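These protein sequence lines map, in sequence, to chains A and B.
Just so we're aligned, residue 1 is where the first sequence starts under the UniProt record's numbering, counting upward by one.
Just so we're aligned, residue 1 is where the second sequence starts under the UniProt record's numbering, counting upward by one.
Beta carbons are placed, not taken as given, at the ideal position from N, Cα and C, and that holds for glycine.
Model, not experiment: these values are computed from the prediction.
Each remark here refers to the structure printed beneath this line.
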Amino acid sequence: MNILAVTACPAGVAHTYMAKKGLEKAAKKLGHKIKVETQGSMGIENEIKAKDLEKADLVILAIDTKIEKANRFDSKTIHEVPVAAAVKNAAKVIEDATAKL
Amino acid sequence: MNNSQLINKSLIELNVHAQTKNEALREVANIAYNAGRLESGESYLNGMLERENTSTTGFGGGVAIPHAKVDGVLEPTISVIKLKQAVEWNAMDDKPVQLLIALAVPKKQEGTVHLKLLAKLSENLMEEDFVDSLQSANTKEEILKTITSIFK
Numbered sequence: 001m002n003i004l005a006v007t008a009c010p011a012g013v014a015h016t017y018m019a020k021k022g023l024e025k026a027a028k029k030l031g032h033k034i035k036v037e038t039q040g041s042m043g044i045e046n047e048i049k050a051k052d053l054e055k056a057d058l059v060i061l062a063i064d065t066k067i068e069k070a071n072r073f074d075s076k077t078i079h080e081v082p083v084a085a086a087v088k089n090a091a092k093v094i095e096d097a098t099a100k101l
Numbered sequence: 001m002n003n004s005q006l007i008n009k010s011l012i013e014l015n016v017h018a019q020t021k022n023e024a025l026r027e028v029a030n031i032a033y034n035a036g037r038l039e040s041g042e043s044y045l046n047g048m049l050e051r052e053n054t055s056t057t058g059f060g061g062g063v064a065i066p067h068a069k070v071d072g073v074l075e076p077t078i079s080v081i082k083l084k085q086a087v088e089w090n091a092m093d094d095k096p097v098q099l100l101i102a103l104a105v106p107k108k109q110e111g112t113v114h115l116k117l118l119a120k121l122s123e124n125l126m127e128e129d130f131v132d133s134l135q136s137a138n139t140k141e142e143i144l145k146t147i148t149s150i151f152k
């Protein structure tokens, strides 16, 4: 499956990036493709573009704060969780997300 | 890039005595202050406490990453503290915490070099091998070497 994700936390220095890594590792393990955009202290990195959205099956938002450009995902199946969920058990986050389809 | 700008031996302490999470965070602030990284310990301490109230930084396995982005931090800083005894942290897995990897970032941080390295450190904390080697390290040298190795 093609998964897109955005991670963001209030300080944007730690959990944003831990969640990114957690989701990437879990996706690999579960056999999915994933692209994770971070919205942290360095702004938007690894930004999700229109061509990424075209082939995406679903979007995971692991966020504790309002994100920028959220309307990009309006037409997609979205699974939103607190950023901590993706740090603690990213595999479960991905499984719950794919179960929504 | 000189990694000693982010962490050095004066920012690593082993066998730190603390009985509560608050005491442990006070030690984190004291160590950063004594290493010349803070204008005052209070704003950093309050920033970390506020962050913990939002959601726990204890991410499991007895490890926490307390952090704050506040005024009064002179330069981006990593400190590593091993407590003599684990303290209750309200961690994600409910286990007490013994190893602290603390971050301090100035509120008005300009440039992204240091932030990138902090992000890299955070990502590495999701790697079991990395966390294991920090937990099994018994000297400041080993800890310093383990942390700086990921920045190469």
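Partners in chain A for residue 17 of chain B, counting only beta-carbon separations shorter than 8 Å
Counting from one through the second sequence, the residue named residue 17 of chain B turns up at place 17. Simply none; closest approach about 25 Å.
Output, in chain order, the set of chain B residues within a Cβ distance shorter than 9 Å of residue 64 of chain A.
For the purposes of this step, residue 64 of chain A is taken as the residue at position 64 of the first sequence. Those are 54 and 55, listed as they occur along chain B.
Measuring CB to CB, does residue 105 of chain B end up less than 9 Å from residue 146 of chain B?
The residue you call residue 105 of chain B lines up with position 105 of the second sequence. The residue you call residue 146 of chain B lines up with position 146 of the second sequence. No, the pair does not count as a contact, with Cβ atoms beyond the cut-off.
Buried or exposed by the 16-neighbour rule on C-beta atoms within 10 Å, applied to residue 21 of chain B
Numbered from 1 along the second sequence, position 21 holds the residue referred to as residue 21 of chain B. Classification for residue 21 of chain B: buried.
Contact list for residue 68 of chain B against chain A, beta-carbon separation under 8 Å
To locate residue 68 of chain B, count along the second sequence from 1; it is residue 68. Within 8 Å Cβ-Cβ: 11.
List, in chain order, every chain B residue whose beta-carbon is nearer than 9 Å to that of residue 36 of chain A.
The residue you call residue 36 of chain A lines up with position 36 of the first sequence. Here the premise fails: no neighbours, minimum Cβ distance about 11 Å.
What does the alpha-carbon distance come out to for the pair residue 48 of chain B and residue 54 of chain B?
The residue you call residue 48 of chain B lines up with position 48 of the second sequence. The residue you call residue 54 of chain B lines up with position 54 of the second sequence. If I take the Cα positions, the gap works out to 10 Å.
Are the C-beta of residue 79 of chain A and some C-beta of chain B separated by less than 9 Å?
On the first sequence, position 79 is the one that residue 79 of chain A refers to. With 9 Å as the cut-off, residue 79 of chain A does not count as an interface residue toward chain B.
Neighbour list for residue 87 of chain A in chain B, Cβ cutoff strictly below 8 Å:
Counting from 1 along the first sequence, the entry for residue 87 of chain A is found at position 87. Chain B residues near residue 87 of chain A: 59, 92 and 126.
If you reduce the DSSP assignment to three classes, tell me which class residue 12 of chain B lands in.
Walking along the second sequence from the start, residue 12 of chain B turns up at place 12. Here residue 12 of chain B sits in strand by DSSP.
Taking the alpha carbon of residue 18 of chain A as the point to measure from, which residue in A:79, A:101, A:89 and A:52 has its own alpha carbon closest?
Locating residue 18 of chain A in the first sequence gives position 18, where the first residue counts as 1. Checking every option, the nearest Cα to that of residue 18 of chain A belongs to A:89.
To the nearest angstrom, how far is it from the Cα of residue 25 of chain A to the Cα of residue 142 of chain B?
Mapped onto the first sequence, residue 25 of chain A falls at position 25. Mapped onto the second sequence, residue 142 of chain B falls at position 142. C-alpha separation (whole angstroms): 27 Å.
Would a C-beta distance cut-off of 9 Å place residue 93 of chain B and residue 61 of chain B closer than the cut-off?
Counted from its first residue, the second sequence places residue 93 of chain B at position 93. Counted from its first residue, the second sequence places residue 61 of chain B at position 61. Yes, the pair counts as a contact, with Cβ atoms nearer than the cut-off.
Only counting the same chain, and skipping five residues up and downstream in sequence, which positions put a Cβ closer than 8 Å to that of residue 64 of chain A?
The residue labelled residue 64 of chain A in the question sits at position 64 within the first sequence. Contacts found: 8, 9, 10, 15, 82, 83 and 84.
At which residues does the beta strand (DSSP E) containing residue 83 of chain B begin and terminate?
As a working note, residue 83 of chain B is residue 83 in the second sequence. Looking at the DSSP string, the run of the beta strand (DSSP E) that includes residue 83 of chain B is 77 to 87.
For my contact list, residue 105 of chain A and residue 52 of chain A are in at a C-beta cut-off of 8 Å; report their separation, rounded to the angstrom.
One cannot answer for residue 105 of chain A here, as it falls past the ends of chain A, which runs 1 to 101.
Looking at the strands, I want to know which residues DSSP matches up with residue 45 of chain A.
Counted from its first residue, the first sequence places residue 45 of chain A at position 45. Looking at the DSSP assignment, residue 45 of chain A forms a beta bridge with A:38.
Chain-ordered neighbours of residue 109 of chain B on chain A, where CB pairs are closer than 8 Å
Taking the second sequence and counting its residues from 1, one reaches residue 109 of chain B at position 109. Within 8 Å Cβ-Cβ: 41.
Under 7 Å Cβ to Cβ from residue 25 of chain B, same chain only, skipping five residues before and after it: list those, please.
As a first step, residue 25 of chain B is located in the second sequence; it is residue number 25 there, counting from the start. For residue 25 of chain B, where only same-chain residues beyond five positions count, the Cβ hits under 7 Å are 45, 48, 49 and 66.
Less than 9 Å between CB atoms is the rule here; does residue 32 of chain B satisfy it with respect to chain A?
Your numbering for residue 32 of chain B matches position 32 in the second sequence. So no, residue 32 of chain B is outside the interface.
Beta-carbon within less than 6 Å of residue 57 of chain A's beta-carbon, same chain only, minus the 5 sequence neighbours each way: which residues are those?
By 1-based counting over the first sequence, the position of residue 57 of chain A is 57. 1 and 2, listed in sequence order.
Closer than 8 Å by beta-carbon distance: list the chain A residues that pair up with residue 64 of chain B, in chain order.
Within the second sequence, numbered from 1, the residue matching residue 64 of chain B stands at position 64. In chain order: nothing, as chain A lies at least about 10 Å away.
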